[in-house]
Each structure stands twice: as C-alpha cells, then as structure tokens.
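In full-length UniProt numbering, the protein residues as written are 1 to 217.
Following this line, the structure appears as structure tokens:
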C-alpha cells in the first residue's frame, strides 16, 4: 500500500468525522443553520475528492493487492452516500421550515396573503428544483469520473496482459534458441561419431589385408 493512498485515506476519514460531528450539531440545533450546512457540503466535496484519489491510486497497484483495497473503498463510498442522504433530508426540512416561517409572516397582511403565498410556494418549488439539478449535476460528474477511473483500470489490466505476453514470447524465443543450439551440437557430435566409425572400419580393413598378406607370403 502506497504512502499516498494512506494519506488520502486519513484525509477522507478526517472529513467523514467532521461531517458526522457537523450533522450532529445540526440535528441538535433548534434553528436552521445555513453556515453549518454550507460547511458540510464543502466537506462532502473534499471527501469525494479524497475517495476518487484513493480509487486512482488503487487502479495503479498490482492486481493481487487491489481487491481488498477496492472493498474498503466501496465501504467508504457507502458511508459517504449515507451522509449525503442525511444532508438532503436535512436540507428538505430546512426548506420546509423556511417556507412555513415565510408563510406565517405573510398572514399579517391579509390583503396580499394569497399572492404572497403563491410567490413563496413558487420560490420554494424553484429552490427544490434547483437543488435537485445541482445534485444531479454532481451525480453525473461523479459517474463520468468513475467511468474514467474504470477505463484507466482497464487500460492498466490490458497493459499488464500485454507485458505478460511479451515476457512469454521472450521465454519461447529463448527456448527456441537453446533448442537450435542443442540440435546443432547433436548434429556435430553425430558427424564426429560417423568419422570415428569410418576411421575404425578403415583401420580394421588395413589390419585384415595385412594379415592376409602375411599368410600368403
């Protein structure tokens, strides 16, 4: 495991602890606190950045050490999604509370009550729609980045496969070279053995002719 991965992991855990603490403060508060929610949203973005960097670092690691880290990252992502759902729920409550407070304030002016209610409801609806669009945009951006990470991981795997194929080809070429050398050596020894046999045959023939000559004389 690289030191860079451990650094991103520590930063992610620190941000998650901050988010949990800030959510707890928001839940315990009797009033809506926009500054806390703004701080939580910023910490969520930073935690997502750390998580993406961890995924990139993991994709660069050897295949035998990636699996356990990917499981850990999936757990971290699940924790982050839970925190994001809690934030959306809290934002919806804050929006409803603001709408109620604004609607209660308009009751002081009966003449323009209906018109103001319609404006407030319209503004609240627009706020919710814009909030939904922002979350959808973030979702698509994260999905695009995750796709890039997956593509990078796939390219890493393909490169490893190609490198293994090249290594196997080198080994095959080395074995073929050794085989050719062995065949050449065997052929050379076979020629030497033939020459030795021919020499022995010539020597025996000469000895035989000499013996015949001696007997004849």
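Quick reminder that beta carbons are idealized off the backbone N, C-alpha and C, glycines included.
- Taking all protein chains shown into account, residue 176 has fewer than 16 neighbouring C-beta atoms within 10 Å of its C-beta and is therefore exposed.
- Comparing alpha carbon positions, the residue from 14, 22, 69, 76 closest to residue 2 is 69.
- Inclusion of residue 79 and residue 50 in the CB contact set at 9 Å is not warranted, their separation being larger than that value.
- C-alpha of residue 23 to C-alpha of residue 16: approximately 10 Å in a straight line.
- Taking 9 Å as the cut-off, the Cβ atoms of residue 73 and residue 55 count as close.
- Excluding five sequence positions before and after residue 26, the CB atoms of its chain that fall closer than 8 Å to its own CB belong to 33, 36, 37, 40, 90, given in chain order.
- Here DSSP, grouped into helix, strand and coil, assigns residue 217 to coil.
- When the beta-carbon positions are compared, residue 156 and residue 59 come within less than 9 Å of each other.
- In this structure, residue 75 lies away from residue 44, with their beta-carbon atoms at least 9 Å apart.
- Going by beta carbons, residue 5 and residue 48 fall outside the 9 Å limit.
- In this structure residue 8 is buried. Its beta-carbon is surrounded by 16 or more other beta-carbon atoms within 10 angstroms.
- In its chain, beyond the 5 residues on either side, 52, 55, 56, 59 have a beta carbon closer than 8 Å to the beta carbon of residue 149.
- Pairing residue 63 with residue 154 gives a Cβ-Cβ distance that is not under 9 Å.
- Collapsing the DSSP output to three states places residue 38 in a helix.
- Here DSSP, grouped into helix, strand and coil, assigns residue 201 to helix.
- For residue 174, there are no CB contacts under 8 Å within the same chain when 5 residues up- and downstream are skipped.
- With 16 or more other Cβ atoms inside 10 Å of its own Cβ, residue 87 counts as buried.
- Annotated three-state conformation of residue 209 is helix, per DSSP.
- In the three-state scheme derived from DSSP, where H, G and I count as helix and E and B as strand, residue 61 is classed as coil.
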